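Colleague:
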Amino acid sequence: MIRPKDMTKKERRQIPRQLMTERHPKQRNKYFDEVTLGYSLKEAQLEAARCIQCKDPQCIVGCPVSIDIPGFLEMIIDHKLEDAIGKVWESTALPAVCGRVCPQEIQCEAVCVVGKKAGREPVGIGNLEMFIADWARSNGVKNKVEIAPKTGRKVAVVGSGPAGVTVAGDLAIKGHDVTVFEAFHKAGGVLLYGIPEFRLSKDIVDYEIEGLRELGVKIECNSVIGRTYDIDELLDEYGYDAVFIGVGAGLPNFLNIPGEDLTGVFSANEYLTRANLMKAFDFPHYDTPIIPGKKVAILGAGNVAMDAARTALRLGAKSVKIIYRRSREEMPSRHIEIHHAEEEGVEFELLTSPLEFIGSSEGRLAGISCERMELGEPDEGGRRRPVPIKDSQFFIDCDLAIIAIGTKANPLLTNVTEGLELNEWGNIKADPKTGKTTKDRVWAGGDITLGQATVILAMGMGRDAANSIDEYLKSLGKKGKNEKN
Amino acid sequence: MGTFKNHDTIILNEIEAPQIAKKALPGQFVILKANEMGERIPLTMADVDKKKGTITIIYMIVGKSTRLFSTLEVGEGFQDVVGPLGSPTHIEKRGTIVCVGGGTGTAVLHPITRGNFEAGNNVITILGARSRDYLILEEKMAAVSHEMKICTDDGSKGIHGFVTDALKEILDTQKVDEVIAIGPVPMMKFVSKLTKEYGVPTQVSLNPIMIDGTGMCGGCRVTIGGKTKFACVDGPEFDGHQVDYDNLINRLTAYRHEEERSEECMFEDENI
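Protein sequences, first through last, are from chains A and B. Under my numbering, residues 53 to 537 are what the first sequence spells out, in order. Under my numbering, residues 13 to 284 are what the second sequence spells out, in order.
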């Protein structure tokens with residue numbers, strides 16, 4: 053076979069998109085191992101060779117952190133893997149995470165010219181990012197980025213999710229003294245408590261966090277900012293020159309329908325945190341229990357709903373139903389997640405809305421009273437509004453229900469911090485270009501400013517905020533001797 | 013960390029946690045995790061020593077996690093301690109306040125009683141327990157109370173009867189401005205039922221199952237006056253007359269079977 057690097061342009065164009073090997077759905081839905089097995093080197097090189105190295109690469113524009121995609125793809129073809137990962141690291145500290153959980157289909161891959169032609173699919177950029185990051189990890193290749201001389205300036209980063217981790221990494225590289233404060237007992241934020249093992253192995257998150265420590269970032273777990281420390285205390289007493297807030301949108305929405313307090317009704321946050329962070333799937337080896345539902349209903353149809361549904365299957369559920377009031381077209385989840393869930397046996401009760409949770413005589417969930425919906429006129433967002441069908445009530449039998457209809461800003465920190473302006477939903481107001489808030493020396497980014505968004509958007513905002521913080525710290529000049537530490 | 017055992021099943025730990033001690037106020041709680049495999053357990057602080065930088069928790073061994081906590085020796089530590097969490101008790105001069113403590117709830121009640129005593133209130137304390145062996149902090153509570161009554165279910169000390177009996181007698185004979193009740197859920201339920209009849213405002217402190225303690229999981233939701241509240245951020249203290257106690261009891265027993273299994277496994281491991 054000709055090597056991809058020796059192929060002509062025409063030959064390259066004929067390579068079909070390389071599918072990533074996945075575990076069989078009927079086996080993988082019983083355990084938590086990662087679903088995708090990644091590309092072999094040969095597959096990666098073939099896939100990378102599908103890139104036509106166009107003059108005006110829109111993929112870079114489509115990427116929230118502007119990775120030089122054609123650049124690293126060409127290096128994979130040339131088998132310069134160390135250079136390739138180095139190229140990726142120039143733009144993101146979390147390639148193994150991004151390769152797995154970024155919605156490439158609406159970002160880099162959506163604008164790839166290869167996919168513009170009828171019947172052709174875009175280059176598998178996400179798969180290739182995952183390949184190169186996994187290659188680096190399994191070969192012990194470290195990010196050899198040069199760290200600037202120490203500036204003596206201290207930065208506090210609140211939250212160790214995607215936004216916080218990006219800010220911390222970027223500022224550490226620029227020579228600042230960075231401490232990350234995390235409320236949980238382990239760093240990683242939503243990557244750790246929210247996204248399940250089978251979609252993103254926790255070893256990967258630990259590895260990326262370890263990489264941060266190697267850059268000199270200090271991580272202080274069990275620190276709830278707003279309780280254990282206050283922002284003003286960090287700035288004025290502990291001598292931090294700047295604070296970045298990336299605490300996420302942690303407060304789960306509930307349906308506010310009767311019976312929601314029954315035993316067996318969970319927020320997705322609680323269910324996933326028990327399963328992921330607390331490792332309840334390994335109970336009683338781990339001490340945290342989880343209710344192992346036999347018949348499970350998931351309310352909502354986003355990525356988190358799919359995660360909860362697939363987790364329930366792995367914890368032994370006989371049936372898992374996604375209950376969603378609109379139709380399949382409007383489901384907010386990534387298509388790949390819906391596809392994976394369906395393959396594994398998750399069922400869909402579409403155009404269905406819950407009315408009430410019904411309890412057994414012992415106060416445990418016994419089922420959900422629902423009604424059928426039909427799509428009416430479009431709402432402000434352009435999506436057709438679901439309207440109840442008269443006399444269509446029916447009962448869904450279930451012993452576990454997981455509510456996955458989104459989260460909102462957690463007021464814990466913002467309630468006790470003076471000078472921080474919020475929008476009407478309680479999100480922190482921040483300059484969209486710099487992340488600067490209305491409070492002196494304080495920046496913010498990620499879901500606490502955006503509402504609910506994605507890992508990569510949070511990272512993009514983190515990058516912008518890091519640049520702005522760095523500029524500010526530089527403007528302060530060298531740390532004076534009479535300044536407090 | 014210091015430990016002393018008042019009774020075989022009631023344990024006190026004094027934990028070095030300077031930053032938590034610095035910020036802690038009466039009524040707030042911490043979440044503790046013994047080791048890597050451990051559960052996150054919320055416990056309201058019984059005492060804080062800002063100078064020494066320590067916090068004190070007192071608890072009864074009721075399951076695997078508390079049993080695990082109780083095995084820690086002086087000098088050993090919890091893997092994780094986070095806090096102070098929850099909203100602090102609102103303390104001000106109101107007049108006559110009756111503080112009702114049941115079992116280890118007395119530990120939580122102590123800093124609140126002291127706060128009310130120091131705020132210049134006339135403090136009457138009622139302590140209840142199964143028997144004299146389960147009474148804790150008698151002297152400490154007496155030191156911050158103008159009057160104190162003790163009730164035991166078996167009559168082994170003080171009044172032979174429930175705290176509600178002693179409370180009724182007080183409510184019948186004098187004006188009470190507020191009642192603070194902290195103890196087992198049924199005790200708080202019956203105290204609130206009684207004080208409602210007398211129209212006396214009542215505060216209770218709830219301890220539902222929770223994970224993060226910051227409002228993220230919603231596992232600790234309680235029904236207060238028909239509305240859902242999160243005990244971790246809106247509480248742990250609530251208007252006793254508004255709490256749906258039956259719902260709380262129900263949610264507290266959600267993992268009954270799993271808890272039993274967890275403890276059985278612990279003993280099996282020890283026997284190997």
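Think of the CB as a built atom: it goes at the ideal place given N, C-alpha and C, for glycine as much as any other residue. From a predicted model like this one, the values you see are computed outputs, not experimental measurements.
From this set, Glu190(B), His172(B), Ala58(B), Thr68(B), which residue's C-alpha is nearest Ala141(B)'s C-alpha?
Modeller: Residue His172(B) is the option with its Cα nearest to Ala141(B).
Colleague: For Ser371(A), report the span of its beta strand (DSSP E) as first-last.
Modeller: Ser371(A) -> beta strand (DSSP E) spans 371-375.
Colleague: Output the boundary residues of the beta strand (DSSP E) element that contains Ile223(B).
Modeller: No beta strand (DSSP E) holds Ile223(B); DSSP gives it neither H nor E.
Colleague: Taking Ser444(A) as the reference, give the member of Glu423(A), Pro430(A), Leu427(A), Ile455(A) with the closest Cα.
Modeller: Checked all of Glu423(A), Pro430(A), Leu427(A), Ile455(A); the closest Cα to Ser444(A) is Glu423(A).
Colleague: Identify, in the order they occur along the chain, each residue of the same chain with its Cβ nearer than 7 Å to the Cβ of Lys34(B), setting aside the five sequence neighbours on each side.
Modeller: Lys62.
Colleague: Can you say whether His544(A) is buried or exposed, counting buried as having 16 or more other CB atoms within 10 angstroms of its CB?
Modeller: Residue numbering for chain A in the displayed model covers 53 to 537; residue 544(A) lies beyond these limits and cannot be assessed.
Colleague: Between the stretch 87-112 of chain B and chain A, which residues of the former have CB atoms less than 8 Å from a CB of the latter, in chain order?
Modeller: The residues in question are Gln91, Asp92, Val93, Val94, Gly95, Pro96, Leu97.
Colleague: So, Leu407(A) versus Ile375(A), is the Cβ gap smaller than 7 Å?
Modeller: No, they are not a contact pair.
Colleague: Between Leu367(A) and chain B, is any beta-carbon pair separated by less than 7 Å?
Modeller: Chain B contact via Cβ: absent.
Colleague: Strictly by DSSP, which residues pair up with Glu438(A)?
Modeller: Reading off the sequence shown, one finds Pro at residue 438(A), where the question assumed Glu. Beta-bridge pairing links Pro438(A) to Leu427(A).
Colleague: Along the chain, where does the beta strand (DSSP E) that runs through Lys347(A) open and close?
Modeller: Taken as a continuous stretch (DSSP letters only), the beta strand (DSSP E) holding Lys347(A) covers 347-351.
Colleague: Tell me whether the beta-carbon of Val166(A) lies closer than 7 Å to the beta-carbon of Gly114(A).
Modeller: No, these two residues do not count as a Cβ contact at 7 Å.
Colleague: Roughly how many angstroms separate the alpha carbons of Asn537(A) and Thr203(A), rounded to a whole number?
Modeller: Low confidence applies here, because Asn537(A) scores a pLDDT of 49, under 50, leaving its location unreliable; read the following figure in that light. Rounded to whole angstroms, Asn537(A) to Thr203(A) spans 12 Å at the Cα level.
Colleague: Could you name the residues of the stretch 269-285 of chain A whose beta carbon sits closer than 8 Å to any beta carbon of chain B, in the order they occur along the chain?
Modeller: Answer set for the stretch 269-285 of chain A: Cys273, Asn274, Ser275, Val276, Arg279, Thr280, Tyr281.
Colleague: For Ser274(B) and chain A, any beta-carbon pair shorter than 7 Å?
Modeller: So yes, Ser274(B) belongs to the interface.
Colleague: For Trp187(A), is the classification buried or exposed, using 16 other Cβ atoms within 10 angstroms of its Cβ as the cut-off for buried?
Modeller: So Trp187(A) ends up on the buried side.
Colleague: My parser needs the alpha helix (DSSP H) runs of 4 or more residues fully inside the stretch 80-145 of chain A; what are they?
Modeller: Runs found: 93-101, 110-114, 121-129, 133-141.
Colleague: I believe Leu267(A) touches Gly221(A) by the beta-carbon criterion, under 8 Å. Please report the beta-carbon distance rounded to the nearest angstrom.
Modeller: About 6 Å separates the two Cβ atoms, so the contact holds.
Colleague: Residue ranges of each beta strand (DSSP E) run of no fewer than 3 residues wholly in the stretch 65-122 of chain B, ordered along the chain?
Modeller: Listed in chain order, the complete beta strand (DSSP E) runs (minimum 3 residues) inside the stretch 65-122 of chain B are 66-72, 92-97, 108-114.
Colleague: Closer than 7 Å, CB to CB, is Thr315(A) near chain B or not?
Modeller: Closer than 7 Å to some Cβ of chain B, the Cβ of Thr315(A) qualifies, so yes.
Colleague: Could you tell me how far apart the beta carbons of Glu396(A) and Asn81(A) are, in whole angstroms, since I believe they sit closer than 8 Å?
Modeller: Going by Cβ atoms, the distance from Glu396(A) to Asn81(A) rounds to 4 Å, so yes, they are a contact pair.
Colleague: Could you tell me whether any Cβ in chain A is nearer than 7 Å to the Cβ of Ile284(B)?
Modeller: Model confidence at Ile284(B) stands at a pLDDT of 45, short of 50, so the residue's coordinates are unreliable; what they give is reported in the following sentence. No, its Cβ sits nowhere closer than 7 Å to a Cβ of chain A.
Colleague: Using CA coordinates, which residue listed in Gly123(A), Tyr245(A), Val117(A) is at the minimum distance from Asp108(A)?
Modeller: Among Gly123(A), Tyr245(A), Val117(A), the Cα nearest to that of Asp108(A) is on Gly123(A).
Colleague: Go to Thr486(A), then tell me how far its beta strand (DSSP E) extends in each direction, as first and last residue.
Modeller: Careful: Thr486(A) lies outside any beta strand (DSSP E) and carries neither H nor E.
Colleague: Between the alpha carbons of Ala505(A) and Asp499(A), how many angstroms are there, rounded?
Modeller: Spanning the two alpha carbons is a distance of roughly 6 Å.
Colleague: Report the three-state DSSP secondary structure of Ser520(A) (helix, strand or coil).
Modeller: Ser520(A) falls in the helix class under three-state DSSP.
Colleague: Answer with yes or no whether the minimum CB distance from Glu322(A) to chain B is below 7 Å.
Modeller: Closer than 7 Å to some Cβ of chain B, the Cβ of Glu322(A) qualifies, so yes.
Colleague: In terms of alpha-carbon separation, which member of Ile342(A), Tyr338(A), Tyr91(A), Asp334(A) lies closest to Ala320(A)?
Modeller: For Ala320(A), the nearest C-alpha among the options comes from Ile342(A).
Colleague: Short of 7 Å Cβ to Cβ, which residues in the stretch 90-109 of chain A face chain B?
Modeller: Of all residues in the stretch 90-109 of chain A, none has a Cβ within less than 7 Å of some Cβ in chain B.
Colleague: Run through the stretch 250-331 of chain A for me and flag every whole alpha helix (DSSP H) of 4 or more residues, listed as ranges in chain order.
Modeller: Counting only runs of 4 or more, we get 254-266, 320-327.
Colleague: Which chain B residues sit within Cβ distance under 7 Å of Ala364(A)?
Modeller: None at all; the shortest Cβ gap to chain B is about 16 Å.
Colleague: Going straight from the alpha carbon of Leu464(A) to that of Asp256(B), what length do you get?
Modeller: For Leu464(A) and Asp256(B), the distance between alpha carbons rounds to 25 Å.
Colleague: Tell me, which residues are paired with Leu139(B) by DSSP?
Modeller: Looking at the DSSP assignment, Leu139(B) forms a beta bridge with Gly113(B), Ile162(B).
Colleague: Going along the chain, which residues of the stretch 235-261 of chain B sit with their C-beta nearer than 7 Å to a C-beta in chain A?
Modeller: Going along the stretch 235-261 of chain B in chain order, one finds Thr235, Thr240, Val245, Asn259 with a Cβ nearer than 7 Å to chain A.
Colleague: Output the distance between the C-alpha atoms of Asn134(B) and Val94(B), rounded to the nearest integer angstrom.
Modeller: Between Asn134(B) and Val94(B), the C-alpha separation is close to 34 Å.
Colleague: Is the separation between the beta-carbon of Val207(A) and that of Ile271(A) shorter than 7 Å?
Modeller: In this structure, Ile271(A) does not lie closer than 7 Å to Val207(A) by Cβ.
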